[in-house]
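A.B. asks: Sequential numbering of the sequence shown, starting at 2, is according to my numbering.
Heads up, the beta-carbon is just placed ideally off N, CA and C, and yes, glycines get one too.
Model, not experiment: these values are computed from the prediction.
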Amino acid sequence: MTYRRQRVASRARYVVGALVAGVLAVPSAACTGDGTATTDSFTVGLLLPSRVVPRWENSDKPLIEQRVKQLCPHCDVAYANADDDSTVQRQQMIAMITKGVRVIVLGATDNRALRSTVQEAHNAGVPVVAYDRLADGPISGYVSFDGVEVGTLQGQALLKAMHAPTEDRTIVMMNGDPTSANAASYKRGALSVLRGKVRIGRSYDTPGWSTDNANANMSAAVSALGPGRIDGVLAANDAMAAGVISALKTAHVRPLPPVTGQDADLDAVRRIVDGEQSMTVYKSFRAEAEAAAAMAVDLGRGEKLHTIAPTTTDSPTTHHIPSVLLTPVAVTTANIEQTLVKDGVYTIAQICTPQLRSACAKAGLTP
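Written as structure tokens, this is what we have:
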């Protein structure tokens with residue numbers, strides 16, 4: 002994201018009509034005896050971008066809902082998932098505004114495509130918290146992770162897994178969806194580490210962060226470069242890593258080269274234990290969800306975000322957006338227990354299926 006500039010203010014450093022009608026029943030605010038809506042009885046709109054990446058439905062949604070209820074027991078959450086369709090998400094957002102939500106948490110499908118709808122929300126007096134992805138328009142708050150740092154961690158882990166990388170060793174870059182505000186940051190961070198250290202044989206954008214698109218791109222890379230000429234793959238997230246690994250197996254690439262990932266999907270963690278994927282990037286879903294819920298509740302109450310957001314971020318359209326930027330963590334077999342298990346993301350029993358019992362024991366993952 003060449004337009005994004007972060008300013009750290011403190012060291013302390015997400016048929017259309019039928020779909021909308023089906024998921025956007027927004028409860029009315031509770032009222033006092035004189036018919037006036039109470040300040041602690043309002044609805045928070047939650048719009049998430051996709052079901053392809055498991056985290057949105059399995060982690061972010063329930064965590065945000067739970068934290069909103071903890072902070073505001075009489076508040077409600079109205080939820081919709083856009084299934085990677087920005088037109089659907091625009092309709093969902095307009096429906097929420099019309100139904101009377103007081104604040105919206107938005108995990109944008111396309112940061113640019115939602116600009117006018119964010120403006121509509123602003124005009125209607127509905128603040129928007131950009132969740133995980135910074136959308137264009139008059140955003141009131143932003144919660145995410147340092148995208149450049151995510152890419153840097155991936156690049157560093159890839160070089161380490163390749164052992165003695167040199168400029169005659171070839172990697173493939175499987176970048177994220179070009180419509181996502183985060184994809185360019187991930188790529189920039191990765192390139193800051195990889196340039197001059199290895200040869201980038203092919204680099205692909207991956208619409209929708211799709212496993213199938215990544216699989217097709219990886220198959221094309223194997224055909225172009227040769228099955229024995231790929232020494233590593235920088236995959237921007239775990240869904241794409243799954244497609245990459247499937248394509249490499251289909252092409253009978255043995256041994257599998259190191260493949261990175263992101264999001265700490267359960268299947269990816271199992272692949273790491275099994276030796277098929279070299280790493281993932283863990284971004285604490287709970288920390289991100291709780292920060293977004295806190296922002297939404299404060300904005301719904303008409304409060305400022307200064308005590309929650311120690312940082313500001315500039316988008317191409319809006320400067321000084323109050324922001325919480327969290328720290329990502331690289332996860333390999335060496336620290337699964339100290340990160341994902343310790344944080345309660347997964348249990349060892351969930352990770353270590355019967356087929357992985359031996360690999361888990363080797364990795365020190367025992368109940």
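Any idea which residues DSSP pairs D86 with across the strands?
C.D. replies: DSSP lists no partner for D86.
A.B. asks: Got a sec, what are the start and stop residues for the alpha helix (DSSP H) P63 sits in?
C.D. replies: Residues 62-72.
A.B. asks: If you compare alpha carbons, which of G229, V270, D61, V173 is closest to D239?
C.D. replies: Closest by alpha carbon: V270.
A.B. asks: How many Å lie between K250 and G126 at the Cα?
C.D. replies: Going by the C-alpha atoms only, they are around 52 Å apart.
A.B. asks: Work out the CA separation of S247 and L25 for me, nearest whole Å.
C.D. replies: Any answer about L25 is weak, because its pLDDT of 41 lies below 50 and its placement is not dependable; what the coordinates show is given next. So the two alpha carbons sit approximately 37 Å from each other.
A.B. asks: Let me check understanding here. Comparing Cα to Cα, which of V130, A96, R103, Q90 lies closest to D111?
C.D. replies: Measuring from the Cα of D111, the nearest candidate turns out to be Q90.
A.B. asks: Can you list, in chain order, the residues of its chain with a C-beta nearer than 6 Å to that of L128? Leave out the 5 residues immediately preceding and following it.
C.D. replies: For clarity, residue 128 is Pro in the given sequence; the question names Leu instead. Closer than 6 Å at Cβ, skipping near neighbours: V104, S141, L300.
A.B. asks: Does the separation of the CB atoms of M296 and V130 fall below 8 Å?
C.D. replies: Yes; because the gap between Cβ atoms is below 8 Å, this pair is in contact.
A.B. asks: List the DSSP bridge partners of A222.
C.D. replies: BP columns for A222 are empty, so no partner.
A.B. asks: Is P329 buried or exposed, if buried means 16 or more other CB atoms sit within 10 Å of its CB?
C.D. replies: That one is buried.
A.B. asks: Note down, one range per segment and in chain order, each beta strand (DSSP E) of at least 3 residues found wholly within the segment 203-275.
C.D. replies: DSSP runs (the beta strand (DSSP E)) wholly in the segment 203-275: 233-236.
A.B. asks: From the DSSP output, which residues share a beta bridge with R200?
C.D. replies: According to DSSP, R200 bridges with T171.
A.B. asks: Given this structure, state the Cα-to-Cα distance separating C353 from S193, to the nearest angstrom.
C.D. replies: Cα to Cα, the separation comes out at about 35 Å.
A.B. asks: State buried or exposed for Y143, treating a residue as buried only when at least 16 other CB atoms are found within 10 Å of its CB.
C.D. replies: Looking at its Cβ environment, which holds 16 or more other Cβ atoms inside 10 Å, Y143 is buried.
A.B. asks: Taking 8 Å as the cut-off, decide whether the C-beta atoms of M241 and M163 are in contact.
C.D. replies: No, these two residues do not count as a Cβ contact at 8 Å.
A.B. asks: Taking only three categories from DSSP, how would you classify Y187?
C.D. replies: The answer is helix: DSSP assigns Y187 an H, G or I state.
A.B. asks: With a cut-off of 8 Å, do at least 3 Cβ pairs link the segment 146-154 to the segment 216-230?
C.D. replies: As far as the Cβ criterion goes, the segment 146-154 does not touch the segment 216-230, which means the pair count is below three.
A.B. asks: Please list, in chain order, all residues of the same chain as R287 whose beta carbon is under 6 Å from its beta carbon, the five residues on each side excluded.
C.D. replies: Counting only Cβ-Cβ distances below 6 Å, and skipping sequence neighbours, we find L64.
A.B. asks: Please classify G365 as buried or exposed, where buried requires at least 16 neighbouring CB atoms within 10 angstroms.
C.D. replies: Exposed, because fewer than 16 other Cβ atoms sit within 10 Å of the Cβ of G365.
A.B. asks: With distances taken from CA atoms, which of I201, S211, A96, D178 is nearest G233?
C.D. replies: Nearest of I201, S211, A96, D178 to G233, Cα basis: I201.
A.B. asks: Nearest-angstrom Cα distance between C73 and T281?
C.D. replies: Those two C-alpha atoms are separated by around 34 Å.
A.B. asks: Along the beta strand (DSSP E) that carries L48, what are the first and last residues, could you check?
C.D. replies: It spans 44-49 - the beta strand (DSSP E) in which L48 sits, taken as one unbroken run.
A.B. asks: How is the alpha helix (DSSP H) around D299 delimited, first residue to last?
C.D. replies: From DSSP, the alpha helix (DSSP H) with D299 extends over 286-301.
A.B. asks: Which residues does DSSP list as the beta-bridge partners of I105?
C.D. replies: G46, V129, per the DSSP bridge assignment.
A.B. asks: Buried or exposed, going by whether 16 or more other CB atoms sit within 10 Å of the CB of K1?
C.D. replies: As shown, the chain starts at 2 and ends at 368. That puts residue 1 outside it, with no answer to give.
A.B. asks: According to the Cβ coordinates, are T319 and G46 closer than 8 Å?
C.D. replies: Going by C-beta atoms, T319 is not nearer than 8 Å to G46.
A.B. asks: Once DSSP output is grouped into helix, strand and coil, what is the label at L327?
C.D. replies: Three-state DSSP puts L327 in a strand.
A.B. asks: For P259 versus I231, is the C-beta spacing smaller than 8 Å?
C.D. replies: No. Outside cutoff.
A.B. asks: Under a three-way DSSP split, which group does T37 fall into?
C.D. replies: Note that T37 scores 38 on pLDDT, short of 50, meaning its location in the model is unreliable and no value can be drawn from it.
A.B. asks: Compare the C-alpha of E58 against each of D264, P323, A350 and name the closest.
C.D. replies: Nearest option by C-alpha distance: D264.
A.B. asks: Using C-beta distances below 6 Å, list every residue in its chain close to S204, excluding the 5 sequence neighbours before and after it, in chain order.
C.D. replies: Cβ within range, chain order: M174.
A.B. asks: Can you tell me whether A360 is helix, strand or coil according to DSSP?
C.D. replies: Residue state, collapsed to three classes: helix.
A.B. asks: Just the Cα atoms here: how many angstroms apart are L49 and V332?
C.D. replies: Whole-angstrom Cα-Cα distance: 25 Å.
A.B. asks: Going by beta carbon distance, what residues of the same chain come within less than 6 Å of D206, once the five residues before and after it are set aside?
C.D. replies: So the qualifying residues of the chain are N176, P179.
A.B. asks: For Q351, which of helix, strand or coil comes out of DSSP?
C.D. replies: It is helical.
A.B. asks: Looking at C-alpha atoms only, which residue of L327, V245, N336 is the closest neighbour of A236?
C.D. replies: Comparing Cα-Cα distances from A236 to each of L327, V245, N336, the minimum goes to V245.
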